[in-house]
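In this note's numbering, the protein residues as written are 4 to 281. Since the structure comes first, as structure tokens, the remarks are kept for the end.
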């Protein structure tokens, strides 16, 4: 039986995610952990220098593949994404995916979550006052700021990510404005410089650990949990299926066994019904 109790985990990160995930593993499993340094920026950067080579899960597993030379039994890797909401484009979605890979069993447990509570703004500016106003608005210096001039040619591009004080930010602004009259200033999306993203990663890590403790009713492997939400909860007034969730599908990542779990609500608010509230 696969057990995580008292095990040693390698957390693959460049951006201090071991400080978020490691203590949760310790508290739950009495586990030990180490940070596995790998330049994850080679697999994509939020600031645009490197495109991600594949989808989030594939990219997270690429990190595991690179780290396996360490010879550790258990690995944790993550991959985040920010993008406009498909139905409400002015909203930004942060999707965080975490995997736990058991090397000897060649088995992966996955947790994924979406959050709309994000700091992911960016603007173009032409002076220090605009940079300072933007930085203060998003919570600098706790929330990081990145400045760049990507609209120039490749050879002229400059990006400054690690200005952690107002003086350093002012110097970065001066350096970039010397290269072009307009520059881009954006919220840093890296985990250690984005408090809201860090909080989201902590929540997904807690969900991953919960899944690691849930066992399939058929094969008894850990990792049994919600894989899909199915809409269609009937309206409380007319019984028409609505967009509200009717039940969840729970799936085993080992044997593929699926069970259905109804929501706690017997029917949906008529306010969300296309018939009662067209």
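For each residue, glycine too, the CB sits at the ideal point set by N, CA and C. If you're wondering where the values come from, they're calculated on a predicted model, not measured in any experiment.
Item                                                                                                                                                                                 : Value
In whole angstroms, give me the CA-to-CA distance for residue 60 and residue 121.                                                                                                    : 21 angstroms
Rounded to whole angstroms, what's the CA-CA distance from residue 213 to residue 256? Just pull it up for me.                                                                       : 14 angstroms
Run through the DSSP bridge pairs and tell me what residue 189 is partnered with.                                                                                                    : 125, 149
Roughly how many angstroms lie between the CA atoms of residue 285 and residue 50, to the nearest whole one?                                                                         : In the structure displayed, the chain extends from 4 to 281; residue 285 sits before or after that span and is not available.
According to the Cβ coordinates, are residue 9 and residue 33 closer than 7 angstroms?                                                                                               : yes
Beta-carbon within less than 7 angstroms of residue 42's beta-carbon, same chain only, minus the 5 sequence neighbours each way: which residues are those?                           : 17
Could you check the C-alpha separation between residue 326 and residue 85 for me, to the nearest Å?                                                                                  : Since the first and last residues shown for the chain are 4 and 281, residue 326 lies out of range.
Could you name each continuous beta strand (DSSP E) segment of 3 residues or more that falls completely within the stretch 165 to 250, going from the start of the chain to the end? : 186 to 190, 228 to 234
Do you know how far the Cα of residue 143 is from the Cα of residue 179?                                                                                                             : 19 angstroms
Alpha carbon to alpha carbon, how far is residue 197 from residue 98? Give it in angstroms, no decimals.                                                                             : 14 angstroms
Along the chain, where does the alpha helix (DSSP H) containing residue 25 start, and where does it finish?                                                                          : 21 to 32
At what residues does the alpha helix (DSSP H) containing residue 66 begin and finish?                                                                                               : 59 to 70
In chain order, what residues of the same chain lie with their CB nearer than 7 angstroms to the CB of residue 141, ignoring the 5 residues before and after it?                     : 122, 124, 190
Excluding sequence positions up to five away, which residues of its chain have a Cβ less than 6 angstroms from the Cβ of residue 151?                                                : 162, 187
When burial is assigned at 16 or more other CB atoms within 10 Å of the CB, is residue 82 buried or exposed?                                                                         : buried
With H, G and I counted as helix, E and B as strand and the rest as coil, what does DSSP make of residue 17?                                                                         : coil
Taking the alpha helix (DSSP H) that residue 140 belongs to, which residues open and close that run?                                                                                 : 131 to 141
Counting only the same chain and skipping the five closest in sequence on each side, list residues whose C-beta sits under 6 angstroms from that of residue 265.                     : 250
Below 8 angstroms, how does it come out for the stretch 202 to 216 and the stretch 93 to 112: are there three or more Cβ pairs, yes or no?                                           : yes
Residues in the same chain with beta-carbon distance under 7 angstroms from residue 39, minus the five sequence neighbours each way, listed in chain order, please.                  : 13, 14, 15, 70, 73
Report the rounded CA-to-CA distance for residue 244 versus residue 89, giving the unit in angstroms.                                                                                : 22 angstroms
Span of the beta strand (DSSP E) holding residue 117?                                                                                                                                : 110 to 118
What distance in whole Å lies between the Cβ atoms of residue 138 and residue 148, which are believed to be in contact at a cut-off of 8 angstroms?                                  : 5 angstroms
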